[in-house]
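Chains as they are written, first to last, in our numbering: chain D, 1 to 152; chain B, 1001 to 1346.
These notes concern the structure reproduced below.
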């Protein structure tokens, strides 16, 4: 198996496996059948979120979603966020394990901690493409986070 | 030795969720037979108005009291406080579920709160227990036995804090827990007679209003300046007070977001930090929405302003944005966030 790529977040080394695709929304997509993907959080997202203890979906399975459509909410020890699909497409089913206990995301974010199954015809990023995106976006990401501190 | 008695009051869940109903019933049934313990049930604590008979009953309870409800302990404690049901903080070993799940958070939550505290606190203990802390009635019964033993040697100055003049007839129903449970079962199964219906407490609708935690509140008045709906006022001692609870706008937690001490609880809000969970890191969290694809990465203050403007517009009033009630103190909250971010070790 190909070694995962890595992205350095300060001291933290975030693994980015090469056996799947990515979205700039910091989600991975793994094709399970043609056009149908499992979607989950990347190590990069999890490093920002840390321990997740609240996850709620605001849409039903089998819902067609736009890009940037809000589909749920997440709360962790460090952060809150609305959730968005990786691209426009269809959210087919949610991971039932996480509905009981969202900490499964922390336990195995690239495996059993997948979030939902998703159908899309958009072209996702490769692992290398995602790293490139992270490199270009890292300064902005830090600004976004720290900017919330300095505004107002 | 009447002073050694412990009264257990179960604040019932909203709606008729059978699992919650069963847990309440199992706890009540086990405690009815328990010596030294009186048990009763009241409607959902947060939904009762100040003059609801259940609230009057709670106010009439002398001595040590254990209140169990489907709320965080802090939400129970300070909802009671607002209703003039006070006492020294009883330590419970059964904690809300969210708190134990993040052990490493506890070390980080080193923030010291220097609130103005409550006033006229009588010499008795009030124990607050979150019914979501366990699914087993046994766990609650064991904890209540422990509390009962802890208080069995104490003598308490009875009567001194019983204010007002409760109507005994109105409160009789709360002194007969078996009858209450029976009436409730009949009601749930649709076979309630008019006698059953007369036994049950008055209906309560779902309410929404802020609850102030005075162990954190510093009386800074940010909330009264921010809220434009006349919810807040001050009491005779110039202490901030949730004066007109029902003026509050359903779903709007904006004042809680601008509170520099995270002292304002909305027990029914979905975010644990706002609903009264302990052990949060300053309560103000980083919003990653922008990184995850949203158009805005909003700070707590920005969210509060948006929420307030929305309610103003719904009321047919003008949105005010940042122009009203945002003060310097917000910066202190921001300093706390900087500290949290440094802990992320970028």
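Note that the Cβ used here is the ideal one computed from N, Cα and C, for glycine as well.
Closest to residue 1035 of chain B by C-alpha separation, out of B:1041, B:1081 and B:1008, would be which residue? The residue given as residue 1035 of chain B occupies position 35 in the second chain. For residue 1035 of chain B, the nearest C-alpha among the options comes from B:1008.
Between the beta-carbon of residue 29 of chain D and the beta-carbon of residue 39 of chain D, is there less than 7 angstroms? Here residue 29 of chain D is taken as the residue at index 29 of the first chain, counted from 1. Here residue 39 of chain D is taken as the residue at index 39 of the first chain, counted from 1. The answer is yes: Cβ separation under 7 angstroms.
State the Cα-Cα distance for the pair residue 134 of chain D and residue 7 of chain D, rounded to the nearest angstrom. On the first chain, residue 134 of chain D is found 134 positions in, with the first residue counted as 1. On the first chain, residue 7 of chain D is found 7 positions in, with the first residue counted as 1. Each residue's alpha carbon lies about 8 angstroms from the other.
Local Cβ density within 10 Å of residue 1048 of chain B, reported as buried at 16 or more and exposed below that: For the purposes of this step, residue 1048 of chain B is taken as the residue at position 48 of the second chain. It counts as buried.
If we define contact as Cβ-Cβ less than 7 angstroms, is residue 68 of chain D a contact residue for chain B? In the first chain, residue 68 of chain D corresponds to position 68, counting from 1. For residue 68 of chain D, the answer is yes, since a Cβ of chain B falls inside 7 angstroms of its Cβ.
Mapping the DSSP letters down to three states, classify residue 1048 of chain B as helix, strand or coil. As a first step, residue 1048 of chain B is located in the second chain; it is residue number 48 there, counting from the start. Here residue 1048 of chain B sits in coil by DSSP.
Under 7 angstroms, Cβ to Cβ, is there at least one residue of chain B near residue 80 of chain D? If you number the first chain from 1, residue 80 of chain D lands on position 80. For residue 80 of chain D, the answer is yes, since a Cβ of chain B falls inside 7 angstroms of its Cβ.
Quick one: Cα of residue 1287 of chain B to Cα of residue 1089 of chain B, how far? Taking the first residue of the second chain as 1, we reach residue 1287 of chain B at position 287. Taking the first residue of the second chain as 1, we reach residue 1089 of chain B at position 89. So the two alpha carbons sit approximately 34 angstroms from each other.
Tell me, please, whether the segment 61 to 69 of chain D touches the segment 87 to 107 of chain D by the rule of three or more beta-carbon pairs shorter than 8 angstroms. yes
Spatial distance of residue 1311 of chain B from residue 1249 of chain B (CA atoms): If you number the second chain from 1, residue 1311 of chain B lands on position 311. If you number the second chain from 1, residue 1249 of chain B lands on position 249. Distance between the alpha carbons of residue 1311 of chain B and residue 1249 of chain B is about 7 angstroms.
Just list the beta strand (DSSP E) runs in the segment 42 to 115 of chain D, keeping only unbroken ones of 3 residues or longer that don't cross its boundaries, in chain order. 52 to 57, 63 to 65, 72 to 76, 79 to 83 and 89 to 94
According to DSSP, is residue 14 of chain D helix, strand or coil? Residue 14 of chain D sits at position 14 when you count from the first residue of the first chain. Correct three-state label for residue 14 of chain D: strand.
Would residue 1093 of chain B be called buried (16 or more neighbouring beta carbons within 10 Å of its own) or exposed? To locate residue 1093 of chain B, count along the second chain from 1; it is residue 93. Exposed, since its Cβ has fewer than 16 Cβ neighbours within 10 Å.
Hey, would you say residue 1060 of chain B sits closer than 7 angstroms to residue 1170 of chain B, going by beta carbons? As a position in the second chain, residue 1060 of chain B is number 60, starting the count at 1. As a position in the second chain, residue 1170 of chain B is number 170, starting the count at 1. No, the pair does not count as a contact, with Cβ atoms beyond the cut-off.
Limits of the beta strand (DSSP E) - the one that residue 1056 of chain B falls within: Working through the second chain from its first residue, we reach residue 1056 of chain B at position 56. Looking at the DSSP string, residue 1056 of chain B is not in any beta strand (DSSP E); the run it does join, the alpha helix (DSSP H), is 1053 to 1060.
Exposed or buried, what is residue 33 of chain D when buried is set at 16 or more other beta-carbons lying within 10 Å of its beta-carbon? What you label residue 33 of chain D is simply residue 33 of the first chain in a count that begins at 1. Label assigned to residue 33 of chain D: exposed.
Under 7 angstroms between C-beta atoms, does residue 1294 of chain B make it to chain D? Looking up residue 1294 of chain B in the second chain gives position 294. With 7 angstroms as the cut-off, residue 1294 of chain B counts as an interface residue toward chain D.
Within a Cβ cutoff of 8 angstroms, which residues of the same chain sit near residue 36 of chain D, ignoring the five residues on either side of it in sequence? For this step, residue 36 of chain D is matched to residue 36 along the first chain. The answer, listed in chain order, is 92, 117, 118 and 119.
Might you give, ordered along the chain, the residues of its own chain that have their beta carbon closer than 7 angstroms to the beta carbon of residue 1184 of chain B, omitting 5 neighbours on each side? Position 184 of the second chain, counting from 1, holds the residue named residue 1184 of chain B. These residues qualify, in order along the chain: 1200.
Under 7 angstroms, Cβ to Cβ, is there at least one residue of chain B near residue 134 of chain D? Position 134 of the first chain, counted from the first residue, corresponds to residue 134 of chain D. No, its Cβ sits nowhere closer than 7 angstroms to a Cβ of chain B.
Exposed or buried, which one is residue 1235 of chain B when buried takes at least 16 other CB atoms within 10 Å? Walking along the second chain from the start, residue 1235 of chain B turns up at place 235. Exposed: under 16 other Cβ atoms inside 10 Å.
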